[in-house]
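Visitor: Just dropping this structure here.
Numbering (my numbering), first residue to last: 474 to 674.
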């Protein structure tokens, strides 16, 4: 669907608020597109008749948020409202791609769909008690906000480790560091995220 000039201005302002880390910028963006993201993820799984648990759905939403925020908002910066297409179409495409990528990585159907061992679950389970009281939706929003405050280098590490799920050996080869450095960086990034997220509550 084509956008009006007014739509383009509004969408440009919304993206800029996220990029500028303006107070409430990410929350407004996520609130506007949350239902769209959920619908796109469910649609892909339904198309291939693959069951989608609530935990897995929440994990996929987190991946979409991280994908939008990683590398200093690279994908948001790539969106050009002057091309005449809606921001919702861009976000929906990203969510759809995340769902397809997840299905490609998915274990055989006979394997349990339990997500307890997923990287993001591992990250969330390490949080202190106050954050464990927060709802799953709030955790995802807090996590996305925290990642947005990390350096581009740390965001790239999160992409490799938690989104692409590369092994420490693969990350070491890709980034030119030792495996021990990868493990050390993982602990440091997690500590930074926990510290940032604690400051939100």
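For every residue, glycine included, the Cβ atom is placed at its ideal position computed from N, Cα and C.
Could you check where the alpha helix (DSSP H) with residue 518 kicks off and where it finishes?
Guide: 498–520 is the span of the alpha helix (DSSP H), which, as asked, contains residue 518.
Visitor: Relative to the alpha-carbon of residue 623, which residue among 483, 654, 669 has its alpha-carbon at the smallest distance?
Guide: Cα-wise, what sits closest to residue 623 is 669.
Visitor: Once you ignore the five residues that flank residue 517 on each side, which residues in its own chain have a CB closer than 8 angstroms to its CB?
Guide: 569, 572, 573, 576
Visitor: With a CB to CB cut of under 7 angstroms and the five nearest residues on each side skipped, what residues in its chain are close to residue 548?
Guide: 540, 541, 567
Visitor: Inspect the beta-carbon positions of residue 658 and residue 650 and report whether they are closer than 9 angstroms.
Guide: Going by C-beta atoms, residue 658 is nearer than 9 angstroms to residue 650.
Visitor: Which residues bound the alpha helix (DSSP H) around residue 546?
Guide: 527–551
Visitor: Assign residue 486 to one of three DSSP states: helix, strand, or coil.
Guide: helix
Visitor: Identify whether residue 493 lies in helix, strand or coil by the three-state DSSP scheme.
Guide: coil
Visitor: On the premise that residue 655 lies in contact with residue 641, defined as a C-beta separation below 8 angstroms, what is that separation, rounded to the nearest angstrom?
Guide: Right, the Cβ-Cβ distance comes to about 4 angstroms (below 8 angstroms), so this counts as a contact.
Visitor: Can you tell me where the alpha helix (DSSP H) holding residue 578 begins and where it ends?
Guide: 560–578
Visitor: Have a look at residue 551 and residue 528 and give me their C-alpha separation to the nearest angstrom.
Guide: 30 angstroms
Visitor: Just curious, the alpha helix (DSSP H) that residue 632 is in, first and last residue?
Guide: Where residue 632 is concerned, there is no enclosing alpha helix (DSSP H), given that its DSSP letter is neither H nor E.
Visitor: Among 511, 478, 618, which one has its Cα closest to the Cα of residue 490?
Guide: 618
Visitor: When we look at the beta-carbon of residue 596 and count the other beta-carbons within 10 Å, is it buried (16 or more) or exposed?
Guide: With a pLDDT of only 42 at residue 596, under 50, the local geometry of the prediction cannot be trusted, and no value is derived from it.
Visitor: Does DSSP put residue 645 in a helix, in a strand, or in coil?
Guide: helix
Visitor: Here's the rule: buried if 16 or more other CB atoms are within 10 angstroms of the residue's CB, otherwise exposed. What is residue 532?
Guide: buried
Visitor: Which word fits residue 486, buried or exposed, when buried means at least 16 other C-beta atoms lie within 10 angstroms of its C-beta?
Guide: exposed
Visitor: Sorted by chain position, which residues of the same chain lie with C-beta nearer than 7 angstroms to residue 493's C-beta, five sequence neighbours on each side aside?
Guide: If we look at residue 493 and ignore the five residues flanking it on each side, it has no Cβ neighbours.
Visitor: Rounded to whole angstroms, what's the CA-CA distance from residue 511 to residue 530? Just pull it up for me.
Guide: 8 angstroms
Visitor: Check the C-beta distance from residue 543 over to residue 628 and give it rounded, since I have them as a contact under 8 angstroms.
Guide: 5 angstroms
Visitor: So is residue 534 buried or exposed if we call it buried at 16+ other beta carbons inside 10 Å?
Guide: buried
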